[in-house]
Amino acid sequence: MDEQTAISRALQGETNAFNHLVLTYQNLAYSVAYRVLQNENAAADAVQESFIKAYRALPSFSGGSFKSWLTRIVVNTCYDMLRVQQRRATDSLDELPVEHEYIPALVDHTEGPEAHAERMELNGWIEQGLRALPADQRTVLALCDIHGYAYEEIAEVTGLPMGTVKSRISRARTRLRDYLLQKPELLPSTFRPYNG
Amino acid sequence: MTSSRYPQITDELLSAYIDNQVTDDEKALIEAAVIEDPMLAWQLESLRYTVDLLHTLPQLALPRSFVLSDAQLLDGAVSMPALAEPARMRAATARRAPRSAPEPGGFWVGWRNFWQVGNLFLRNAAAASLAIFLVVSVGGAVLQSQLPTSAQVAIVSEASESVPQPTIATAAPTASGAQAVALVQTTTTQATSNAETSREEAVTLEKQVELQVSAVDGSAPPTEVTPLSSANRTLPADSVQALAQAGPAAATDLAGGQGGSVTMPSDAARGGELADSPGSQPGNQDLAPPEPRAQPSQAAIAAASVGSADSFSTARSAVVTNLVATESVTAADTISTTVVISSSTAVSLTESSIVSAPVMSSLASETDAVSATLFYSAPIAEAAIQPTSNATAVPTNESNGARYQPSVDSNVVSNPLSLLRNFQFASALAALFLGVLWWRSRSTSPATR
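Shown next, in the form of structure tokens:
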């Protein structure tokens, strides 16, 4: 069942057809939500809520890229949750920063033990760098460099002008690079700061 | 960061160059600048490496499937979980989830969780209620155990219509007619007679009793007493007869089931005069103001006529004290039974006059005898042994209901009914708070506490 057929059947009320779309995009949706929210539970709730919203808003889908349309719903849902979080401004033990030795979700079992350990340490450092970014920069950076969205798609998803998308991506990359340089031992020599 | 030699080449342009989002001119410019400027080359290389690192991040594992169910699509309200309250979200999820098997850990873990659940107020309230429960129950038991078995009891009940108490009273006029004796004889039932005596049973017993008491002056014949037919409520006929025929000063043994003897001195039994009599204790007037219902001219002693259609149709109450019985009670015309206690007659008892449990229980069993109260008074038991000097007049009850009046010599030690009520109240309170705690422990998962 291709995407258009699934959308058509879902519009006719077939839940299974819509769930076919859910199975197709749930990894992407969860990854985007996690990159934006930096919280597993919140990301899962955001994704579930986004799919429900998408199902109800499916009649308003006017064609085009369903992936971008769905991603926009996910991003907007995540932004709503972030706004709620900022309004409440309460601290939770779950939100306290934790020094991760490694992140189980990012384990790559294809590497050797030593390379795996180094990779996990670097990945953890990257995750912390992403977490240190502002949400808007983190969102566009994740969409562009992690999920491979084009600038036009990012502009469509976020509703931002193309120039804003470019500048945000550039600032995000620069800030993340500077953050990673705080631990040069984790980086290759070519990545070390230029001293010349 | 910009290159000094190529100020037009910015990080944004380099970033766009990495993503092929530059024009051909910009691309040529950047490629030429990177060759000539090592600093610019490092900037481009570091940004590219950062992008590569992000590209190589492993894919996140899904925590669960997000396939929608029909229930979610039909009625699933879109919630807005708050990041700031993940614990609350999980608690809500736990409450929605079906309850699984009991948690491992055994009884003590469950008991600990049971007492640790809920807020502090509920736990303290439960503890306080349990403390009250224990104090009332244990304390009441101790007090009751310390009470004398032959304690004096004063009972006054609310008006109980048409239900004479199983009490037999005789009015024995004196020879001169100016004196009367109201002899109070509680039923000879066992002291442990049940408190569940029903109204029907009382009526039945009432029908079995025929006691005729005439309120007459000196010329009136002695009261005829018909013994109770009930085995355990029968007043010995010989004793009654002896009582009825006894003179004012005679002591009649009403032993029946109580073994008490009654002395009816004429001076002490003089109606309406007891409260003012020199022999009475001074304090008696305070607690027992003389309000004789029966005028002395009407025989000075209230005596009810049994079987009289003109008599009171409502049996007021049976008032029994150690010394004095008050309140005149008659029976309805259809029932030839009455309980007559002279309101202005004092009877001194040479021995302990016990209003035993039957009276108490019968009063307590009446639904309208709500104010029935018992007074146990150990000193009274001793004072009752004294002769007429301790005769005490109990005030006449109000027409709308009886009141209790402790004797002068009485010290209110305890009130079993009040204790019982407190006991029940504490029990109910404890059960309430324990129930709330239990409900909270059932509805809240330990993981969310």
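Note that the protein sequences, when read in sequence, are chains A and B. The numbering of the first sequence is my numbering, which starts it at 1 and goes up by one. The numbering of the second sequence is my numbering, which starts it at 197 and goes up by one. For each residue, glycine too, the CB sits at the ideal point set by N, CA and C.
Using a CB distance cut-off of 9 Å, A212 of chain B counts as an interface residue toward chain A. Going by C-alpha positions, R201 of chain B is about 8 Å away from D233 of chain B.
Secondary structure of Q255 of chain B (DSSP, three-state): coil. Chain-order list of chain A residues neighbouring S242 of chain B: R177 and F191, by C-beta distance under 7 Å. Taken through DSSP and simplified to helix, strand or coil, I126 of chain A comes out as helix. Boundaries of the alpha helix (DSSP H) harbouring H20 of chain A: T15 to L37, taken from the DSSP string. The straight-line gap separating the alpha-carbon atoms of Y179 of chain A and E241 of chain B is approximately 16 Å. Rounded to whole angstroms, the gap between the alpha carbons of I146 of chain A and V165 of chain A is 15 Å. The three-state reading of DSSP puts V218 of chain B in coil, since its state is none of H, G, I, E or B. Against chain A, the beta carbon of P259 of chain B has neighbours under 7 Å at E40 and A44, listed in chain order. Cα atoms of N123 of chain A and F629 of chain B: separation of roughly 53 Å, rounded to the nearest angstrom.
Residues of chain B whose Cβ lies closer than 9 Å to the Cβ of S170 of chain A are, in chain order, T206, D207, E208, L209, L210, S211, A212 and L243.
Here Q137 of chain A carries a helix assignment [DSSP, helix/strand/coil]. In this structure, T206 of chain B lies away from L176 of chain A, with their beta-carbon atoms at least 9 Å apart.
The shortest CA-to-CA distance from G148 of chain A to any of B:Q268, B:L339, B:S341 and B:L253 is the one to B:L253. In the DSSP annotation of this structure, the continuous segment of the alpha helix (DSSP H) that includes L11 of chain A starts and ends at E3 to L11. Here V334 of chain B carries a helix assignment [DSSP, helix/strand/coil]. Proximity of chain A to V247 of chain B at the Cβ level (cut-off 7 Å) is accounted for by D145 and R173, in chain order.
Secondary structure note for T206 of chain B: it is in no alpha helix (DSSP H), with a DSSP letter that is neither H nor E. L37 of chain A and L82 of chain A do touch by the CB rule: their CB atoms are close to 7 Å apart, below 8 Å.
When DSSP states are grouped into helix, strand and coil, L339 of chain B belongs to the helix group. Taking the C-beta atoms as reference points, R72 of chain A is found nearer than 9 Å to V157 of chain A.
Chain-order list of chain A residues neighbouring D220 of chain B: empty, with the shortest C-beta distance near 17 Å, by a criterion of under 8 Å. Under the Cβ distance rule, N27 of chain A counts among the residues neighbouring chain B, one pair being separated by less than 9 Å. The alpha carbon of G13 of chain A has as its nearest neighbour, out of B:L269, B:A622 and B:L633, the alpha carbon of B:L269. Counting the other CB atoms within 10 Å of its CB gives L330 of chain B a total below 16, which places it among the exposed residues. Rounded to the nearest whole angstrom, the C-alpha separation of Q217 of chain B and D266 of chain B is 44 Å. Of all alpha-carbon atoms in B:A323, B:A257 and B:I214, the one lying nearest the alpha-carbon of Q239 of chain B is that of B:I214. Straight-line measurement puts the Cα of V74 of chain A at about 12 Å from the Cα of F66 of chain A. M120 of chain A counts as buried, since at least 16 other C-beta atoms from the protein chains shown sit within 10 angstroms of its C-beta. For L141 of chain A, at least one C-beta of chain B is nearer than 9 Å to its own C-beta.
Where E156 of chain A is concerned, the enclosing alpha helix (DSSP H) starts and stops at Y151 to T158.
The alpha-carbon of T77 of chain A is positioned some 19 Å away from that of L256 of chain B. Counting only Cβ-Cβ distances below 8 Å, N19 of chain A has contacts in chain B at V263 and L264, in chain order.
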